[in-house]
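If you use the working numbering, the sequence shown corresponds to residues 115 to 364, in order. Below is one structure; the comments refer to it alone.
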Amino acid sequence: MKEVMKSTDLKGTIRMAGDADTGIRVEVHLDDETMSLVSPYGELGRWPLSGLGISARVDGFHIKVEGEELVLSTNDDARFALAVGIRSSSSPRLVRQLASARDDGFDVDERLAPRPPEFRQFDFPVETRPEPSRVPVAIAIMAAAGALFLAAVQAYGNPLRIFGAIPLWPLWFLSAVALGVGGFALFNQIGAGRRLVAGGASIGLLALIGSLSAMGSQDFSWLGDGVFLGGTGTVLALLLWGVDLLNRSE
């Protein structure tokens, strides 16, 4: 004799897919073979589970029925998902709720029996965008660090002082170290990499502005003070930092 699943009653909202409205309030009634939606204006419909296509998405449960696509949100999404046999989702929030429900033993509740054999889950196509690789950006940042290190070597021991007091070569060197470590951290997907790159680029920019402000000094030299290499490395680092930020925001 077939085991009968007790009804599961929930509350929620329903709307058409692609509709920006908040939808209308409904009561959701589930038993072992059918699902019905009841609004304040009356029953919207009753359908056999075997005729529904349901997919758990980030914005709710997408239900394909009678040629239409509806989006349902409930007051207990994990309970609804388990009741209709959904055990996975592209929504991180629902995944956490499902795990919690299993830990609490709801997955073996007699109301939440495994989905009927005839039930079919409808898989909606999900567009995924690959995460931009950090490797090319990280390698280029380390190359910029190399240019700044050579600038520090060129400027070492030279008499030029920026802002009237600060030797130029230590700034090139600090910028090179920060960019080198930051690029290595980005290459290995360590979170502090971006902050180190930002700091190194900022130090290099300070050194570049200070050296250019001293162009009128007799001690100034594009090559001898590493201004050419340091400026090139700094501008490259700033551009790469911007590229990495854009990739992160997409």
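Glycine included, every Cβ here is placed at the ideal spot set by N, Cα and C.
For P162, DSSP records a beta bridge to T148.
Where R193 is concerned, the enclosing alpha helix (DSSP H) starts and stops at D191 to A197. The C-alpha of R171 lies about 23 Å from the C-alpha of E147. In the three-state reduction of the DSSP assignment, S331 falls in the coil class. The three-state reading of DSSP puts S205 in coil, since its state is none of H, G, I, E or B. Residue pairing for L124: DSSP places it in a beta bridge opposite V142. Your pair L360 and A258 does not check out as a contact, with CB atoms roughly 17 Å apart and the cut at 8 Å. The C-alpha of M329 lies about 8 Å from the C-alpha of S335.
Taking every protein chain shown into account, the CB of R193 has 16 or more other CB atoms within 10 angstroms, so this residue is buried. Put simply, of G181, Y155 and W283 the residue whose alpha carbon is nearest the alpha carbon of W161 is G181. An exposed status is given to M130, since fewer than 16 other beta-carbon atoms sit within 10 Å of its beta-carbon.
If only uninterrupted alpha helix (DSSP H) runs of at least 4 residues are considered, those enclosed by the stretch 269-351 are 282-301 and 307-327. Boundaries for T136: no beta strand (DSSP E) harbours it, and the DSSP string shows neither H nor E there. Approximately 5 Å separates the beta-carbon atoms of A292 and G313; this is inside 8 Å, confirming the contact. Rounded to the nearest whole angstrom, the CA to CA distance from L196 to M149 is 14 Å.
Secondary structure at V357: helix, using DSSP grouped into helix, strand and coil. Judged by DSSP in its simplified three-state form, G174 adopts strand. Taking C-beta atoms under 8 Å as the contact rule, I177 and L163 fail to qualify, at a distance of about 11 Å.
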